[in-house]
Amino acid sequence: MTTKSALQQARLYYHSKLPMILRDLGHIACVKGDATSSIADADKLQALFPKTFGQPIIALHHKEQRTKAHEKCIGVLFSGGQAAGGHNVICGLFDAIKSFNPKSSLVGFVNGPKGVVDNDIITITQELVDRYRNQGGFDMIGSSRTKIESEEQLKAALDTAIALDLDGIVIIGGDDSNTNAAVLAEFFRQNSCKTCIIGVPKTIDGDLKNEQVELSFGFDTATRIYSELIGNIAQDCLSAKKYYHFIKVMGRSASHIALECALQTHPNYTLIGEEVAAGGKGLKELVCDLSDLVVSRAEKGKNYGIVLIPEGLIEFIPEIGQLIRELNRILTKEGIGDKSFNETKNSAVGALSAESKEAFDALPPNIQEQLLLDRDPHGNVKVAQIETEKLLIQLVREELKVRKKKGSYKGSFHPLPHYFGYEGRAALPSNFDAQYCYALGKTAAVLINAKATGYMSCLNNLAKPIENWQAGGVPLTMMMNIEERHGKEKPVIKKALVNLNKEPFVTFAKQRQQWQNEDHYLSPGPIQFFGPDDITYTTTHTLG
6 MTTKSALQQA RLYYHSKLPM ILRDLGHIAC VKGDATSSIA DADKLQALFP
56 KTFGQPIIAL HHKEQRTKAH EKCIGVLFSG GQAAGGHNVI CGLFDAIKSF
106 NPKSSLVGFV NGPKGVVDND IITITQELVD RYRNQGGFDM IGSSRTKIES
156 EEQLKAALDT AIALDLDGIV IIGGDDSNTN AAVLAEFFRQ NSCKTCIIGV
206 PKTIDGDLKN EQVELSFGFD TATRIYSELI GNIAQDCLSA KKYYHFIKVM
256 GRSASHIALE CALQTHPNYT LIGEEVAAGG KGLKELVCDL SDLVVSRAEK
306 GKNYGIVLIP EGLIEFIPEI GQLIRELNRI LTKEGIGDKS FNETKNSAVG
356 ALSAESKEAF DALPPNIQEQ LLLDRDPHGN VKVAQIETEK LLIQLVREEL
406 KVRKKKGSYK GSFHPLPHYF GYEGRAALPS NFDAQYCYAL GKTAAVLINA
456 KATGYMSCLN NLAKPIENWQ AGGVPLTMMM NIEERHGKEK PVIKKALVNL
506 NKEPFVTFAK QRQQWQNEDH YLSPGPIQFF GPDDITYTTT HTLG
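Residue numbering for the sequence shown follows my numbering, starting at 6 and increasing by one per position.
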């Protein structure tokens, strides 16, 4: 058994608050609204999901008559990367089904979707649940990035559901995992399987949200941890007064984490990928902007600073984004892994357009190599392995040398690269994430008890006090569109990017010039588990 620190042990006894609607599950009615569509490509999606497309949004309401619940068996799994609070989803699910009927049982699929295909389970008991309340990580049952999408995998999942006589499966994952949940729900319904499929929104990137799903869990905790680290570096920066810290933070497809951390810590310069794309800024222009920052601060005697970079920035830079898209298509056709690296490189570069080849040739050799490494499960470049922070350091250093020769720059430049990623994924969840996840788990149980399938458990009104949160379910197909993956059209839940017209970005944009010229660093410190609860700036000002 894993040992626990004093803080981990104390967190076991933290009691999550609940929205009023979830405090007595026996008196909940699932009220259905009007039929829904999808955000785009409705005809194609309806053809792919004939049994589950168009379902209504479900809202939970109080009712006087108590609901009787039969004994149920439910399965649960983690899918994809870790996010703080996942264990509390399972705790909420367990407590809910036991409150409905003490004879109900919960099984966990070991190592995520792979456990469903292989029928590899553990029984989740009261003792097990109590060891993981308010704890970080996904180690209770493990996770994986296996996808249940082939006909063979879908049939194996169906066999597992029938063999275990499952009333429901709860899939805790991000946009791709919940897309898989939609596929599984449709397949089960087409095969007259009673097992209901419910998804739970999980990703620290904050890009799984829309008008119905306000926030994915894990974002609150991750941004607090990164902001603590950035704040610590800011204090060091002010003390040493001789280093430029180029800090890359997670955010595969959206810059929500970078924006939130900027609002919490006030770095000198923050790149927002969505703004770069909207302005059509190329790599040279970004390097000039960063060099201007260094020169301007040097004129004030400040040869130090902090630059914040979202992980996915590289794909938002127009010429690099185009280069990556071409490489993704070319390497899929070429069958990477079947050739040596040099053969793959020669073949890929030779097939590039003239513009993309020019962009590729302008990159340092180490970045070229990173762009050609193995793809992710969707056939796309793994942006986390591209050292964007080091690329920018290298190019800014070269630009400053040119300016120094011309006499337009007389300062010193001592850059240090950082990448904050895994530090924020498996931490002890903040009070917000602990409570949010516990409520998501309870809501998932209510939806299964109502025999809803193909839905995502959701909570709204999150900027308000927790007693005023509203609970319900949103159809997974409602959040979907069609995108190209591996050269083929695939149904996927659309990622939410930073909205440049919303208050978080507008507030940031109003203040950043002042942050560039002066030292307005904030050090928010570590997550506080005791005292008044608060929530991130993004949550407060986007949803409030």
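Glycine included, every Cβ here is placed at the ideal spot set by N, Cα and C. Note that the coordinates shown come from a computational prediction; the quantities given were computed from them, not determined experimentally.
**Report entry** Burial state of residue 358 (16 or more Cβ within 10 Å)
**Finding:** exposed
* Could you check where the alpha helix (DSSP H) with residue 128 kicks off and where it finishes? -> Not the alpha helix (DSSP H): residue 128 falls in the beta strand (DSSP E), residues 126–129.
- Query: In chain order, which continuous runs of the alpha helix (DSSP H) of length 4 or greater are located wholly inside the region 282–337?
  - Reply: If we require 4 residues or more, the alpha helix (DSSP H) runs fully inside the region 282–337 come out as 288–304 and 318–321.
In chain order, what are the residue ranges of uninterrupted beta strand (DSSP E) at least 3 long that sit wholly in the region 469–504?
475–480, 485–490 and 493–498
query: Are the Cβ atoms of residue 226 and residue 435 separated by less than 9 Å?
result: Result yes, Cβ atoms of residue 226 and residue 435 sit closer than 9 Å.
Residue 111 - partner residues in DSSP beta bridges: Partner residues in the beta bridge of residue 111, as assigned by DSSP, are 79 and 129.
Residue 148 to residue 328 span [Cα, whole Å]: A direct Cα-to-Cα measurement between residue 148 and residue 328 gives close to 32 Å.
Checklist entry - What's the C-alpha gap between residue 387 and residue 181? => result Rounded to whole angstroms, residue 387 to residue 181 spans 15 Å at the Cα level.
Legend entry - Under the three-state DSSP convention, the category residue 342 falls into: Residue placement at residue 342 is poorly supported in this model, since its pLDDT is 46, which falls under 50; the coordinates still yield a value, given next. If DSSP states are grouped into helix, strand and coil, residue 342 belongs with coil.
**Message:** For residue 150 and residue 44, what's the separation of their Cα atoms in angstroms?
**Reply:** 26 Å
message: What would DSSP say about residue 453, mapped onto helix, strand or coil?
response: Helix at residue 453.
- Task: Can you say whether residue 263 is buried or exposed, counting buried as having 16 or more other CB atoms within 10 angstroms of its CB?
- Result: buried
Checklist entry - DSSP three-state call for residue 461: helix, strand or coil? => result strand
Given a threshold of 16 other Cβ atoms within 10 Å of its Cβ, counted over all protein chains shown, does residue 10 qualify as buried or as exposed? exposed
Exercise for the section: Would you check if there are 3 or more beta carbon pairs closer than 8 Å linking the region 465–481 to the region 63–72? Expected result: yes
key: contact_flag[the region 166–178, the region 196–213] where n(CB pairs < 8 Å) is 3 or more   = They touch, by the three-pair rule.
Just checking my contact of residue 224 with residue 279 at CB under 8 Å: how many whole Å lie between their CB atoms?
With 8 Å as the limit, residue 224 and residue 279 do not qualify as a contact, their Cβ atoms being about 16 Å apart.
Discussion item. Between the alpha carbons of residue 452 and residue 74, how many angstroms are there, rounded?
Written reply: 12 Å
- Task: May I have the straight-line CA-CA distance separating residue 361 from residue 286, to the nearest angstrom?
- Result: So the alpha carbons of these two residues sit roughly 16 Å apart.
Assuming residue 445 contacts residue 460 under a Cβ cut-off of 8 Å, what Cβ separation, rounded to an integer in Å, is found between them?
In fact, because the Cβ distance is near 12 Å, the residues do not count as touching under 8 Å.
What are the start and end residues of each continuous alpha helix (DSSP H) run of 4 or more residues lying completely inside the region 241–279, in chain order?
-> 261–270
Inset, instruction - Could you please give the first and the last residue of the uninterrupted beta strand (DSSP E) stretch that includes residue 425? - result: From DSSP, the beta strand (DSSP E) with residue 425 extends over 420–425.
Original post:
Smallest Cα separation from residue 294: which of 374, 265 and 397?
Top reply: 397
What does a CB cutoff of less than 6 Å around residue 93 pick up in its chain, not counting 5 residues either side in sequence?
439, 442 and 443
query: If you compare alpha carbons, which of 509, 13, 260 and 524 is closest to residue 541?
result: 509
Given residue 409, which residues of its chain have a CB within under 8 Å of its CB, disregarding the five upstream and five downstream residues? 415
- C-alpha distance - residue 191 paired with residue 296, whole-angstrom precision: 53 Å
Taking Cβ to Cβ, would you say residue 522 is nearer than 9 Å to residue 305?
Yes.
Using 10 angstroms around the beta-carbon of residue 271, count the other beta-carbons present and answer buried if the total reaches 16, otherwise exposed.
-> Looking at its Cβ environment, which holds 16 or more other Cβ atoms inside 10 Å, residue 271 is buried.
*What's the call for residue 18, buried or exposed, on a 16-neighbour Cβ count within 10 Å?*
exposed
Which residue from 217, 120, 167 and 318 puts its Cα closest to that of residue 38?
217
Whole angstroms are fine: how far does the CA of residue 513 sit from the CA of residue 268?
6 Å
> Relative to the C-alpha of residue 207, which residue among 89, 125, 369 and 377 is closest?
Replying inline: 89
In the DSSP assignment, the alpha helix (DSSP H) including residue 96 goes from what residue to what residue?
91–105
query: Would the beta-carbon of residue 134 fall within 9 Å of that of residue 96?
result: Closer than 9 Å, so yes.
Check this for me: beta carbons of residue 315 and residue 355, under 9 Å apart or not? no
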